[in-house]
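Structure, as structure tokens:
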Amino acid sequence: MHTILRVRRFNPESPNPAPYDQEYVLDLEPSETVLDGLLKIRETVDDSLTLRCSCRGAICGSCGMRINGHAMLACKTKIVTVAPHGGLIRVEPMSNMPVIKDLVTDMEPFWQKIRQVEPWLQPEGPPPETEYVVPQAAMQHLTGVMACIMCGVCVSDCTVWEVDSTFLGPAALAKAYRFVADPRDAATMRRLLALNQPTGMWDCTRCMECVEVCPKHVAPMDRIMALRAKGMSARVPSTCGSRHAEVFTDIIRQKGRLDEPLLAVKTLGLRNWGRLLSMLPLAIQSFIHRKLPPSGPLHRAIPGIRSIRRIFARVEKRS
Amino acid sequence: MKYAFFPGCVAKGACPELYQSMMAVYPRLGIELEEMHTASCTGAGVLQEKNVQLGDVLNARTFALAEQRGLPIMTICSTCQGVMSQANARLTADARYLDEVNHILAEEGLTYSGSVQVKHFLWILLEDFGEDRLRSALTQPLQGLRAAPFYGCYLQRPTEALQFDRYPGRAAALERVMEIVGVDVVDFPGKTRCCGFPILTINERNSMSMVAMHTSEAKRHGADIMVTPCPLCHLNLDGMQRRAAHQQKTKIDLPILHLPQLLGLAMGLSPRALGLTRNIVSPDSALAKLGITV
Amino acid sequence: MATEIKTYDVVIIGAGLAGLRAALAAHEEGVSVAVLTKVYPVRSHSNAAQGGINAALTDRGDSWEEHAFETVKGGDYLSDQDAVEILAQEAGRDIIALEHMGVIFSRNEEGRLGTRRFGGQQRARTFFVSDFTGQAMLHVLYEQILRAKIPVYDEWFVTSLVHDEDGACAGAVAMDIKTGRLGTFAAKATIMATGGLGRVYEPSTNALICTGDGMALAYRAGAPLMDMEMVQYHPTTLKGKGLLITEAARGEGAYLLNSEGERFMARYAPTMMELASRDVVSRAEQTEILEGRGVNGCVLLDCRHLGKAFILDRLRQIYEEAKTFANIDLTEEPIPVRPGMHYQMGGIKADVDGRCWDPEGQWKGLVGLFAAGETACVSLHGGNRLGANSLLDTIVFGRRAGQCAAEFARTRLAPRLSPAMAEQDHRLIQSIIAREGTGETVAGLRYTMGTTMNRYLSVFRDEEGIETARRVIHELKERWNGVAIKDKGRIFNTGVIAVLELSMMLDCAEAIIHSASIRKESRGAHFRTDYLERDDEGWLKHILLYYRPDGPPEVAYLPVRITRWQPQARVY
């Protein structure tokens, strides 16, 4: 299949180091991968094309790069899935990390966040004579998180990291979850308190980019949501994030529907005058533009509210 | 074509112009809607942070109500659509789980069999209504207006729950409808990214950075307006745009239109009828390009 | 060219399971430790070990003697039995230690560690994490390295070992790939843990980084390579790139079928069937294929009867792998597989404490150098390694090497190295970058080497083939001098590294060929069609090779150490 790989090149040692695109025309089988294509270029056309790769089987995590705008493992990405009828495929280094050369990024920001969550088991007291006895059910779901190969693909496409590189990010948070959810780990509360801080679990915007791009189905965002739930049930000090979820849920319980002004006020906290005042211009503007619901500024409960409240009671009793 | 209409909280709350424009537009398409007044909020992914199953039961209730009417559900909100798609995927993937949820619903006299289709208005335009019929419903050419699409995360991801496999057109549905409407589609990398709304009250600085980045990037690519099928994105991109610009010490002024507002314009409806005066960033100068005055 | 010298008590080259386990053990002994790796630790090829790790836990009725015997039998009696006894005896303790570090081993109904069956063994004694056991272990060991704050030099490529005035190993010269600069690492003890040499073959299950660096570096520096002819072909690899399908598939009950739908292993190993040792199964498959009962050069691995839920739980990764790389849904159709190069049983000669020299002086080695894992030959695996013994090897002998290296380092003074030590490597790298070349490419030469080895040094061998391979490799070594690269920079010059790796692989290939030509019998993975029988009279011994820069290696022999199991006929 006639395929064009348009590869973003960057040579830091050239007299004018600036990224540029270079196109390579190849004949590839639809079942071949983007990595096959890149290796073909390196082996037959241009051995200066620089990339990381090793296992060819989506287990070492070396070859994360952006393919047609999204980060993925080149070794797992078939030509046919990104260019079903041949044609152009854009290949660029991962985002959100500095580029060292061509498709090679500096992974240090990635590792730094991983180290930040103290990614090692912290049990209490000396270990038992034999293994820790734990039900398989409590461990099995952890294999889904341990499947993470630290390729950096989720960090590359993280929408929060893009605007704020202090965010812990999907990989480190998923790693943190792996220990918080491990029945052998005894540092749960300390971990949750740390994750409760700014740049931690509440800063995720739930955009699901990480869930979508993860080549190992780790679903980092789902782990972040699970961390939030664990945090709330462990009663870590309330934050705007936890209040947002708590208040939101309460409003649905009371009214069956959202009440935006009430949510904003209660999330920011009634005593948080500064933030509340800062929202005032928006409220005034909304008023001027008559952005008011037909029912008036106060949201009434939906007609089916009794049924909703009964469901809340039943589900919350079960869990 | 008849749907159980699920407008979502925001269309009936902080974005009344979305509801207004939808009410103005749909009769012209010959679509029939039965609004689901007793349906609850989907949970928006926020309630799910506390309790996923609770969200699934609430949505199963909505699905059961639609099943009683024998109608598919129409949404006009990316977030509602995404959350309901995810709930529906979980409920239909696992018969035991569906049983468990139905057990909770039983006391409400409801049961969900797993058959309901939930579709965003955007998808319905292409999949049910069809491009040709859509074209024939349009009267006012919008040529020359440069418009950037902005989806909202939940209408793009996760692709599995949104059934992009089965409906490959969904990935670029917004651009397709915009092409048919006749605007010049401005492509820019931010179109499928996050608007920042979910963290507005949690990390306003980051939220505003996202607003500023996407709106100014779209402008840089030449957009006169931005169009979104998601009222939550609209709240942030429109309502908070001035603050975002202030944070970045810049001016942006990119009008953000709801999808039915754009369609309405192409049908020759008046800006007032479409609630365009309720948009915070004024669309006046963009509309003037088309010779439309408010 | 003067380089910075960094000094540690123990320097470990390679950050796979053996290297990281050694680093932790040495660190716990209280000496200063650093790890060098040409990738990042979690990229190491230990990741690829899917199925599990063997251990006979005596508290649940298993016997270490049985595990040891099956290892010896699997190795066709070429294993050193004292080493195998240590392996089997210490396995349980080391598995439990891993569990305590955080490995999420699969559990049974009582919440204790569960096991599955693996090849060449009567009992289920393989502990596992789904089918990514190696990855799960590697990541946990790396977590422990982070906990212990052991310095890791990521993306440093070792170019040579260095010696002190007495000729002992005193560390290494390495290139920081990110900058292209060379640095010298002075060490009282150096542990080689660089893994295998799979890329000497084409195709191979091994990752692209498995280029035999450690074996070549040690060999060139004076340590002997042992039993290099023993190259394992895994029975279930995918056509094309040769990716691995774990033995756990058969351990969990999958069948091997020929084109007639027959479970042909009944004719080769009526008792153990698909779970006979790997050399036996690979030879059976190759025979079926050669006799016309294959399917497009493969046989079929059939998992369908295991059921979808079971497959997704216990064989999740290969389910994904088959879907992605072979476009096959394991739950619905059988998958074509064939024998493929997988593992090097031979390697740098090391004793049970990882030492690459003999304190008693019975064999000549390199004082100060240790080796562990696939790069080493202790020799546990003899002529054929049992599935799930390689992970165990890295953990038990990685730990022992780390402990012994720390102990050794305490008795030594820090080597005094001259900053000029790196001069020779610097000049070599400069000359490679500057070469005009004769049109030769790394890829071209490597492909010729790989296919040659895969043709003549594979499941079946004979003298004519071995000699042909010898000529080809000799010629490739000449042609290596004509390889040029386009990248003239210093920063992340992967071209230079590929040229250096190629020369190391050629040395390894030569060693394999030389050893294979010497051993005139069939034993384990070394099956010669011109010498069909095992010959215990003549060949119950190890072959040691010493590097000679200009000419064939010097050969020495060591008797196999037999403690309790006299060689018997090998029937499965």
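Same order as they appear, the protein sequences are chains A, B and C. The numbering of the first sequence is the working numbering, which starts it at 57 and goes up by one. The numbering of the second sequence is the working numbering, which starts it at 144 and goes up by one. The numbering of the third sequence is the working numbering, which starts it at 10 and goes up by one. Beta carbons: idealized from backbone N, C-alpha and C, even for Gly.
Based on the DSSP secondary-structure assignment, which residues constitute the bridge partners of Ala127 of chain A?
A:Arg122
For the alpha helix (DSSP H) that Ser291 of chain C lies in, which residues bound it at each end?
Arg287 to Leu299
To be precise: take each residue of the segment 343 to 362 of chain B, compare its Cβ to all Cβ atoms of chain A, and keep it if any distance is under 7 Å. Which residues remain?
Thr344, Ile345, Asn346, Asn349, Ser352, Met353 and Met356
Can you pull out the residues from the segment 203 to 235 of chain A whose beta carbon lies closer than 7 Å to at least one beta carbon of chain B?
Thr215, Val216, Val219 and Asp220
Using a Cβ cut-off of 8 Å, which residues of the segment 157 to 178 of chain A contact any Cβ in chain B, in chain order?
none
Host alpha helix (DSSP H) of Gly439 of chain C (start-end):
First, the residue type needs correcting, since residue 439 of chain C is Gln and not Gly in the sequence shown. From DSSP, the alpha helix (DSSP H) with Gln439 of chain C extends over Glu432 to Ala443.
Could you tell me which chain C residues have their CB closer than 8 Å to the CB of Thr186 of chain A, listed as they occur along the chain?
Asp68, Ile105 and Arg121
Would you grab the beta carbon distance between Asp471 of chain C and Asp539 of chain C for me? Rounded to a whole angstrom, and I think it's under 8 Å.
5 Å
What's the C-alpha gap between Arg309 of chain B and Asn56 of chain C?
35 Å
Does any C-beta atom of chain A lie closer than 8 Å to the C-beta of Lys495 of chain C?
yes
State the Cα-Cα distance for the pair Gly196 of chain A and Pro239 of chain A, rounded to the nearest angstrom.
Reading the sequence as shown, one finds Gln at residue 196 of chain A and not Gly. In a straight line, the C-alpha of Gln196 of chain A is about 11 Å away from that of Pro239 of chain A.
Cutting at 6 Å between CB atoms, please list the residues of its own chain near Ile368 of chain B, excluding the five before and the five after it.
Ala290, Pro398, Leu400 and Ala429
Please classify Arg319 of chain B: is it buried, with 16 or more other beta-carbons within 10 angstroms of its beta-carbon, or exposed?
buried
From the DSSP output, in three-state form, read off Gln438 of chain B for me.
With chain B represented from 144 up to 437, any question about residue 438 of chain B goes unanswered, as that position is not in the structure.
Is Asn393 of chain C near the ligand ATP, in the sense that its beta carbon is under 7 Å from a heavy atom of that ligand?
With respect to the ligand ATP, the structure offers nothing, as it holds no ligand at all.
Looking at Glu187 of chain A: is its Cβ nearer than 8 Å to the Cβ of Ile441 of chain C?
no
Taking any Cβ of chain C, which residues in the segment 57 to 76 of chain A have a Cβ under 8 Å from it, in chain order?
Asn67, Pro68 and Glu69
Extent of the continuous alpha helix (DSSP H) to which Pro337 of chain A belongs
Leu336 to Ile344
Provide the residue span of the alpha helix (DSSP H) that contains Leu177 of chain A, from first to last.
Here Leu177 of chain A belongs to no alpha helix (DSSP H), and DSSP marks it neither H nor E.
Burial state of Trp258 of chain A, where buried means 16 or more other Cβ atoms lie within 10 Å
buried
Could you check whether Phe114 of chain C and Val149 of chain C sit closer than 8 Å to each other, using their CB atoms as the reference points?
no
Of all the residues that make up the segment 330 to 353 of chain C, which are near chain A by a beta-carbon distance shorter than 8 Å?
Glu330, Thr333, Phe334 and Asn336
Below 8 Å on the Cβ atoms is my guess for Glu297 of chain C versus Val308 of chain C; work out the distance and round it to an integer in Å.
6 Å
Buried or exposed: Ala443 of chain C, going by 16 or more other Cβ atoms within 10 Å of its Cβ?
exposed
Nearest CA to the CA of Glu219 of chain A: which residue from B:Thr344, B:Ser350 and B:Ala182?
Position check: residue 219 of chain A holds Val in this sequence, whereas Glu was assumed. That would be B:Ser350, whose Cα lies nearest to the Cα of Val219 of chain A.
Any idea if Val274 of chain A is buried or exposed, counting beta-carbon neighbours within 10 angstroms, 16 or more meaning buried?
buried
Give the DSSP-derived three-state secondary structure of Cys178 of chain C in the structure shown.
strand
Could you run through the segment 289 to 303 of chain A and flag, in chain order, every residue whose CB is less than 8 Å away from some CB of chain B?
Thr295, Cys296, Gly297, His300, Ala301 and Glu302
I'd like to know whether the C-beta of Gly111 of chain C is nearer than 8 Å to at least one C-beta of chain A.
yes
Chain-ordered residues of the segment 251 to 262 of chain A with a beta carbon less than 7 Å from chain B:
Trp258, Asp259, Thr261 and Arg262
Please give the ranges of any alpha helix (DSSP H) in the segment 313 to 369 of chain C, keeping only runs that are unbroken, at least 4 residues long and fully inside the region.
317 to 323 and 325 to 335
I want to see whether chain A comes within less than 8 Å of Thr503 of chain C, judged by CB atoms only; does it?
yes
I need the DSSP call for Arg262 of chain A, collapsed to helix, strand or coil.
coil
Spatial neighbours of Met206 of chain A within its chain, please: CB distance less than 8 Å, with the 5 preceding and 5 following residues excluded, ordered by chain position.
Gly117, Phe166, Ile170 and Ala227
Checking the sheet assignment: what are the DSSP bridge partners for Met442 of chain B?
No answer is possible for residue 442 of chain B: it lies beyond the span of chain B, which begins at 144 and ends at 437.
Bridge-paired residues (DSSP) for Lys495 of chain C
Paired residue(s): none; Lys495 of chain C is not in a bridge.
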